[in-house]
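Structure record follows, encoded as structure tokens.
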Amino acid sequence: MWRNRRFDGLEVLVAERGGALLATAVLLTGSRVAGEDLVQAALERLMRNWHRVHGDPEGYLRRTLYHLAVDRWRVRRRRPEVLAEVEPPGQPDGTDVLHLRQALVQALNLLPPRQRAVLVLRYWEQLSEAEAAELLGCSVGTVKSTASRGLTRLRELTADWALEGAGMNGARR
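First residue of the sequence shown: 144, per the working numbering; consecutive thereafter.
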């Protein structure tokens with residue numbers, strides 16, 4: 144009971160925005176399991192620093208998500224993980240959309256961390272260039288140029304999709 148007063152509003156935040164936060168985390172990490180771990184780590188950090196959070200706990204949580212994701216990318220660069228590819232369970236309808244989404248997430252995983260973070264903020268989270276710059280602690284110009292380079296690289300990575308046809312079955316490798 145004392146915990147509810149101590150973390151006043153956290154339960155509502157997670158109930159209302161948890162799905163969106165998890166979706167962002169999945170895009171940042173490349174898998175649902177890793178995304179869940181990232182959200183949990185961000186929530187733990189938020190709870191440890193709850194007394195310092197004034198105003199916008201969701202903003203603090205989102206910044207923590209992005210910073211933890213970048214930290215994990217840096218660690219993986221130094222100590223690469225060997226990951227087994229796991230197929231999501233089949234769905235009766237809309238498999239082409241599922242394959243396309245998976246292929247796009249895989250292509251997004253091939254981008255450098257900053258490009259990936261900028262594209263997720265700009266096009267998934269639909270933040271303005273100024274909002275993304277503020278969240279990442281860089282200039283608006285950096286967000287613009289990084290987004291441009293990231294989109295160019297995504298186009299290069301997905302260029303062969305048009306040749307494979309509308310089925311996207313070849314997108315799964």
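The beta-carbon is built from N, C-alpha and C at its ideal position, and this holds for glycine as well.
In this structure, the CA atom of Val155 is about 23 Å from the CA atom of His210. Between the alpha carbons of Arg188 and Leu165 lies a distance of about 16 Å. Spatial neighbours of Arg175 in its own chain (CB-CB distance under 7 Å, excluding positions within 5 residues in sequence) are listed in chain order as Val169. As summarised for the stretch 236 to 274, the continuous alpha helix (DSSP H) elements at least 4 residues long and confined to that stretch are 238 to 252 and 256 to 262, given in chain order. A straight line joining the alpha-carbon of Arg265 with that of Asp151 spans about 30 Å. In this structure Leu253 is exposed. Its beta-carbon is surrounded by fewer than 16 other beta-carbon atoms within 10 angstroms. Of the residues assessed, Gly198 falls on the exposed side of the cut-off, its CB having fewer than 16 other CB atoms within 10 angstroms. In terms of Cβ geometry, Ala276 and Val283 form a close pair [threshold 7 Å]. In the three-state DSSP reduction, Glu154 falls in the helix class (H, G or I). Contact between Leu247 and Arg259 fails: their C-beta atoms lie close to 12 Å from each other, not under 8 Å.
Between Leu171 and Ala212, the gap from beta carbon to beta carbon is short of 7 Å. In chain order, Leu156 and Arg160 place their CB closer than 7 Å to the CB of Glu201, counting only its own chain and leaving out the 5 sequence neighbours on each side. A distance below 7 Å separates the beta carbons of Leu204 and Ala185. The straight-line gap separating the alpha-carbon atoms of Thr301 and Gly173 is approximately 17 Å.
With contacts defined by Cβ atoms closer than 7 Å, Glu268 and Lys287 do not form a contacting pair.
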